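Enquirer: Residue numbers (this note's numbering), protein chains in the order written: chain C, 449 to 813; chain U, 741 to 1121. Quick reminder that beta carbons are idealized off the backbone N, C-alpha and C, glycines included. This structure is a prediction, so every number in the text was calculated from the model and none was measured. I have a structure I would like to understand better, so I am pasting it below and will then ask my questions one at a time.
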Amino acid sequence: MIKGYYFNGETSEKKDVSLYYSDEGHVAFTEASIDYVNFNELKISSRIGNTPRYINFPDGSQFETEDNDAVDKMVAALSNDSFHGLVHKLENAKAFVSFTVVTVVIFGWLFIQYGIPFFSKEIANILPEEASQYMGNGVLEIMDKSWFKKSELSWQRQKELRQLFNRLLNNIEGSDHYKIAFRQGGEIQANALALPNGVVVFTDELVNLAEDDLEIAAIMLHEIGHLKNHHSLRSTIQQFSLAMFVMLITGDVSTSSSVITAIPVMLVESGFSQDMETEADDYSFEYMKNNNINPNNFAIMMEKLEASFLPEYHECLKNKKAPSCIKEAVALNKTKKNHGSVLNYFSTHPGSQARMERFREGQEK
Amino acid sequence: MEDVNTKSALSNKPFEFTGKGGEFFAIWIVNVALTILTLGIYSAWAKVRTHQYFYGNTLLDGVSFRYTANPVQILKGRLIAFTVFIAYYVASTMSPLIAGGALIVLMLLVPAFLVMSMSFRLRNSEYRNVRFNFDKSFKTVYKVFAIPVIVVGAYIFLLGLLENGMAANPEGQAFFPIAILVLVLAMAFMFPWWEYLITHFKVVHAKYGSSDFTFSASTKNYYGLYLKMYGLMILVFGLVGILMALLIPLMSSEDSSGGMSAIMPLLIALLIFPAYLWVFAYLQAKRTNLLYNNLHLGDNKVRSELTTGYMFYLYVTNTLAIMLSLGLLMPWAKVRTARYRASVTSVDVAGDLGQFTAMQAEKQSALGEEMGEMFDMDLGF
């Protein structure tokens, strides 16, 4: 006997009834006006926590009860469907739930840390070169509109650097379509970018920092490293898969605001991006070692780059030329000495100190 | 058969939520695990189970609500949405033109999706073995959505015309930020009216069985709510601004070597985040109250008494708990939010909740409805 409510399906009227069943599988109510029904004709909702159970009859009426255990007993006695309530059994097994928690946490971490980068890399390598080309088309035009101005470097200087770039490419397979372009950086200051279609952009501000062209070569190699490893394509795939993963796990949860997922996603993405910087560094480092270029050039350039963001450097530029200003700025930056902080986690580039160290010592990590 | 002379007797029946954090945690983690194991396919079943847990634990007059959606249908909808999403993503990386075109088509479909998802949600909700329902009037929804689109579209078109003329002289560029500001203000002014129209649309097309819901709020109520919200926003963010203006010089003078400048962004985030949450909590509490307190079903009336303070407290504690537990406390947060919401919601029942009749012939479903049910987008009610 199971106590519950009976609803006829035509109105919202509620009747208190008791449901009983016989061993032959005949089900009926003590009060409501239906004859007995065969158990096989009933639709019994599966158990979810301790929410009420619903039993639907062929005539559209419904029985609702809070007595989950009694319903389970009836199902066990009359049904031969061993899958009924399987998920609830899993949810109710403490050992299984604890095991799942641990597995999900570990799996989630492994997947984000290694799985997504790995698959993105594989996919990016499989996709034809054209995929990257498509992505890159138009990017430079957009950047020209919003940030860059025409380069003020002399034609002579541009030609020299272009020749240097092409000399570096001689030893690199599949680099025929790589090109170099020069722009005045403006707001983005001293910087170099690798666009997916194989164009490496150097800003005048960056070129002006270098005393020796080998310093520029070191940065060129870093950018070529990005291109060789299809990093733009990879980061697109990574961001996409991460977004999908987060969406799947958090599902329809909208407990308060998207800030909850936005922050971890940001952290993970900057981690991905740090990995790719390291990879580009690796490429540059290997190339320099194999071709007898002193890796220290990279470290020198990094030091200057970092110092070039000091306000003092820009102050100095008003009166003096870049080479002397950057020397002062580098010296000043050294006295300030890096205070590693929590914010490193938000950075897209790995700690610059560690990066420089490696090139300075000229040995593998 | 039944007494009908007790119509005047109003009795207040509270909602009750009986779910428990621990219990839902087990359901949630198993959902997550099975979703991962099946590469996302189980997510449709997970969604149904989650909804069923929350519906089933929501009681009115001792009787539960029931969510009856078929997971297979949700899966179909998700597969379609996923395919469209991938196609859009690929297209957008290849050609901005195709992507723009696809985006416009998708935008044009948003009102239809809204109606379909409302319909899906309500048709799959039951109470006392009587279904809720939603009249799918696409014409009306497109009229409602057309208003802001036409206004904003016309404005942007005008700006575009002006921009071409202005690009030549540098003075014209100063005009541009002002033009944007005007647009933002105009949208802020229009929004309450528009939200009223949408809410009104949703409510009056909803049904319980064969009974229509009615909505007694007016545009005036919505303007009142949003004016207060805008005022609160100016006040709260003004305070944050003043605090920052005081703090920033203080810090930079104390330590110019940059030690403090590293924690500056963190500090700003700590100030802005609560301010943002407070405004968010205010809006959520007040608009939910406004909706429910003007929701009628026959002579029955819903009451909702959410408070900004408690919502804020819930948001802050939920956010912290979820972040610190790496998401593991999400089920707990969901359950306590549902419990609070139920605890301040009730229905003034006129007579008896047993008087509603089910919709006749609701079983026959046309092709259009089948199509509609494939898109389960849950844009929220």
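(1) Distance, Cα to Cα, U/Asp801 vs U/Val924?
(2) Quick one, which residues of the segment 478–500 of chain C are near chain U if we go by CB-CB under 9 Å, in chain order?
(3) C/Val649 and C/Ala629 - do their beta-carbons sit closer together than 8 Å?
(4) Counting along the chain, where does the beta strand (DSSP E) carrying C/Phe566 start and finish?
(5) For U/Leu986, count neighbouring Cβ atoms within 10 angstroms of its own Cβ and tell me buried if that reaches 16, exposed if not.
(6) Looking only at its own chain, which residues have a Cβ that is under 6 Å from the Cβ of C/Asn456, when we skip the five neighbours before and after it?
(7) On the criterion of 16 or more Cβ atoms from any shown chain inside 10 Å, does U/Ala827 qualify as buried, or is it exposed?
(8) State yes or no: is the C-beta of U/Tyr1055 within less than 8 Å of the C-beta of U/Phe1020?
(9) Do U/Gly1038 and U/Ser951 have their beta-carbon atoms positioned less than 8 Å apart in this structure?
(10) Kindly indicate which residue of C/Pro576, C/Ile672, C/Phe688 has the alpha-carbon position closest to the one of C/Phe613.
(11) On the premise that C/Glu727 lies in contact with C/Asn645, defined as a C-beta separation below 8 Å, what is that separation, rounded to the nearest angstrom?
(12) Which chain U residues are close to C/Gln510, counting only those with a beta carbon under 8 Å from its beta carbon?
(13) Suppose the cutoff is 8 Å on Cβ atoms and the five residues either side in sequence are ignored; what does the same chain contact list for U/Arg1043 look like?
(14) For a contact defined as C-beta to C-beta under 8 Å, what are the partners of U/Ser804 on chain C?
(15) What are the start and end residues of each continuous beta strand (DSSP E) run of 3 or more residues lying completely inside the segment 477–529 of chain C, in chain order?
(16) Let me check one thing: in DSSP terms, what residues is U/Tyr948 bridge-paired to?
(17) Considering only their Cβ atoms, is the gap separating U/Phe1096 from U/Val870 smaller than 8 Å?
(18) Where DSSP assigns a beta bridge to U/Ala1090, which residues make up the other side?
(19) Identify which residue in C/Asn540, C/Thr459, C/Asn486 has its Cα closest to the Cα of C/Gly497.
(20) With U/Phe929 and U/His940 assumed to form a contact (beta carbons below 8 Å), what rounded beta-carbon distance in angstroms separates them?
(21) Would the beta-carbon of C/Ser580 fall within 8 Å of that of C/Ser689?
(22) Is the separation between the beta-carbon of U/Ile769 and that of C/Val647 shorter than 8 Å?
(23) Run through chain C and tell me which residues come within less than 9 Å of U/Gln1095, C-beta to C-beta.
(24) Taking three-plus beta-carbon pairs below 8 Å as touching, is the segment 839–848 of chain U in contact with the segment 775–793 of chain U?
(25) With a threshold of 7 Å on Cβ separation, who are the neighbours of C/Leu538 within its own chain once the five nearest residues in sequence on each side are excluded?
(26) With 8 Å set as the bound, which would you pick, yes or no: does the beta-carbon of C/Val549 sit closer than that to a beta-carbon of chain A?
(27) Whose CA, out of C/Lys521, C/Ala658, C/Pro506, C/Asp464, lies closest to the CA of C/Tyr484?
(28) At least one CB of chain U closer than 8 Å to the CB of C/Phe688: is that the case?
(29) Please work out which residues of its chain come closer than 6 Å, Cβ to Cβ, to C/Asn742, disregarding the five sequence neighbours upstream and downstream, and give them in chain order.
(30) Listing by chain order, which chain U residues have their CB less than 7 Å from the CB of C/Leu538?
(31) Can you give me the C-alpha to C-alpha distance between C/Asp652 and U/Pro836, rounded to a whole angstrom?
(32) Going by alpha carbons, who is nearest to U/Ala829 out of C/Leu765, C/Met692, C/Tyr502?
(33) Please name the residue or residues paired with C/Ile450 in a DSSP beta bridge.
(34) Report the residue from U/Tyr1050, U/Ile918, U/Val855 whose alpha carbon sits nearest the alpha carbon of U/Thr880.
(35) Identify the continuous alpha helix (DSSP H) that holds U/Tyr782 and give its terminal residues.
(36) Quick one: which chain U residues come within Cβ less than 7 Å of C/Phe720?
Expert: This is what the structure holds:
(1) To locate residue 801 of chain U, count along the second sequence from 1; it is residue 61. To locate residue 924 of chain U, count along the second sequence from 1; it is residue 184. U/Asp801 and U/Val924: Cα-Cα distance of roughly 46 Å.
(2) Answer in chain order: Ser493, Ser494, Ile496, Gly497, Asn498, Thr499, Pro500.
(3) Residue mapping note: residue 629 of chain C aligns to position 181 of the first sequence, counting from 1. Residue mapping note: residue 649 of chain C aligns to position 201 of the first sequence, counting from 1. One thing to note: C/Ala629 has its Cβ within 8 Å of the Cβ of C/Val649.
(4) Here residue 566 of chain C is taken as the residue at index 118 of the first sequence, counted from 1. Per DSSP, C/Phe566 belongs to no beta strand (DSSP E); it is in the alpha helix (DSSP H), 564–574.
(5) The residue labelled residue 986 of chain U in the question sits at position 246 within the second sequence. Around the beta carbon of U/Leu986, a 10 Å sphere encloses fewer than 16 other beta carbons of the protein chains shown; the residue is thus reported as exposed.
(6) As a position in the first sequence, residue 456 of chain C is number 8, starting the count at 1. Counting only Cβ-Cβ distances below 6 Å, and skipping sequence neighbours, we find Ser509.
(7) Sequence index remark: in the second sequence, residue 827 of chain U carries index 87 (1-based). Of the other Cβ atoms in all chains shown, fewer than 16 fall within 10 Å of the Cβ of U/Ala827; this residue is therefore exposed.
(8) For the purposes of this step, residue 1055 of chain U is taken as the residue at position 315 of the second sequence. For the purposes of this step, residue 1020 of chain U is taken as the residue at position 280 of the second sequence. Yes, Cβ-Cβ distance for U/Tyr1055 and U/Phe1020 is below 8 Å.
(9) Taking the first residue of the second sequence as 1, we reach residue 951 of chain U at position 211. Taking the first residue of the second sequence as 1, we reach residue 1038 of chain U at position 298. Between U/Ser951 and U/Gly1038, the C-beta gap is smaller than 8 Å, which places the two residues in contact.
(10) Residue numbering aside, residue 613 of chain C sits at position 165 when the first sequence is read from its first letter. Nearest option by C-alpha distance: C/Ile672.
(11) One-based indexing of the first sequence puts residue 645 of chain C at position 197. One-based indexing of the first sequence puts residue 727 of chain C at position 279. That pair is no contact at about 20 Å.
(12) By 1-based counting over the first sequence, the position of residue 510 of chain C is 62. Simply Asn869.
(13) Against the second sequence, residue 1043 of chain U aligns to sequence position 303. Asn752, Tyr1032, Asn1033, Thr1085, Ser1086, Val1087, Asp1088, listed in sequence order.
(14) To locate residue 804 of chain U, count along the second sequence from 1; it is residue 64. The answer, in chain order, is Thr499, Pro500, Glu512.
(15) DSSP runs (the beta strand (DSSP E)) wholly in the segment 477–529 of chain C: 501–504, 510–513.
(16) Looking up residue 948 of chain U in the second sequence gives position 208. According to DSSP, which records beta bridges pairwise, U/Tyr948 is partnered with U/Phe872, U/Ser951.
(17) Against the second sequence, residue 870 of chain U aligns to sequence position 130. Against the second sequence, residue 1096 of chain U aligns to sequence position 356. The Cβ atoms of U/Val870 and U/Phe1096 lie closer than 8 Å to each other.
(18) Residue 1090 of chain U sits at position 350 when you count from the first residue of the second sequence. For U/Ala1090, which the question treats as bridged, DSSP gives the partners U/Leu750.
(19) By one-based count along the first sequence, residue 497 of chain C stands at place 49. Ranked by Cα distance from C/Gly497, the options C/Asn540, C/Thr459, C/Asn486 are led by C/Asn540.
(20) On the second sequence, residue 929 of chain U is found 189 positions in, with the first residue counted as 1. On the second sequence, residue 940 of chain U is found 200 positions in, with the first residue counted as 1. Rounded, the Cβ-Cβ distance is 19 Å, inconsistent with contact.
(21) In the first sequence, the residue the question calls residue 580 of chain C occupies position 132. In the first sequence, the residue the question calls residue 689 of chain C occupies position 241. No. Outside cutoff.
(22) Walking along the second sequence from the start, residue 769 of chain U turns up at place 29. Walking along the first sequence from the start, residue 647 of chain C turns up at place 199. No, the Cβ-Cβ distance between U/Ile769 and C/Val647 is not below 8 Å.
(23) Numbered from 1 along the second sequence, position 355 holds the residue referred to as residue 1095 of chain U. Within chain C, the residues near U/Gln1095 are Thr459, Ser460, Glu461.
(24) In short, these stretches do not touch, since the Cβ pair count stays below three.
(25) As a working note, residue 538 of chain C is residue 90 in the first sequence. The residues are Phe544.
(26) Absent here is chain A; the protein component of the structure consists of chains C and U.
(27) Taking the first residue of the first sequence as position 1, residue 484 of chain C is located at position 36. Closest in C-alpha terms to C/Tyr484, from the list C/Lys521, C/Ala658, C/Pro506, C/Asp464, comes C/Pro506.
(28) For the purposes of this step, residue 688 of chain C is taken as residue 240 along the first sequence, with counting starting at 1. Among the CB atoms of chain U, one or more fall inside 8 Å of the CB of C/Phe688.
(29) Indexing the first sequence from 1 puts residue 742 of chain C at position 294. Answer for C/Asn742: no residue qualifies.
(30) Walking along the first sequence from the start, residue 538 of chain C turns up at place 90. Per Cβ cutoff of 7 Å: Val770.
(31) Here the question's residue 652 of chain C lines up with position 204 in the first sequence. Here the question's residue 836 of chain U lines up with position 96 in the second sequence. Approximately 30 Å, taken between the alpha carbons.
(32) Stepping through the second sequence from its first residue, residue 829 of chain U is reached at position 89. At residue 829 of chain U the sequence reads Tyr, which differs from the Ala that was named. Checked all of C/Leu765, C/Met692, C/Tyr502; the closest Cα to U/Tyr829 is C/Met692.
(33) Indexing the first sequence from 1 puts residue 450 of chain C at position 2. C/Ile450 is bridged to C/Leu467.
(34) Taking the first residue of the second sequence as position 1, residue 880 of chain U is located at position 140. Looking at the Cα atoms, U/Val855 is the closest of the given residues.
(35) Mapped onto the second sequence, residue 782 of chain U falls at position 42. Here U/Tyr782 belongs to no alpha helix (DSSP H), and DSSP marks it neither H nor E.
(36) Translated into positions along the first sequence, residue 720 of chain C becomes position 272. Here the premise fails: no neighbours, minimum Cβ distance about 18 Å.
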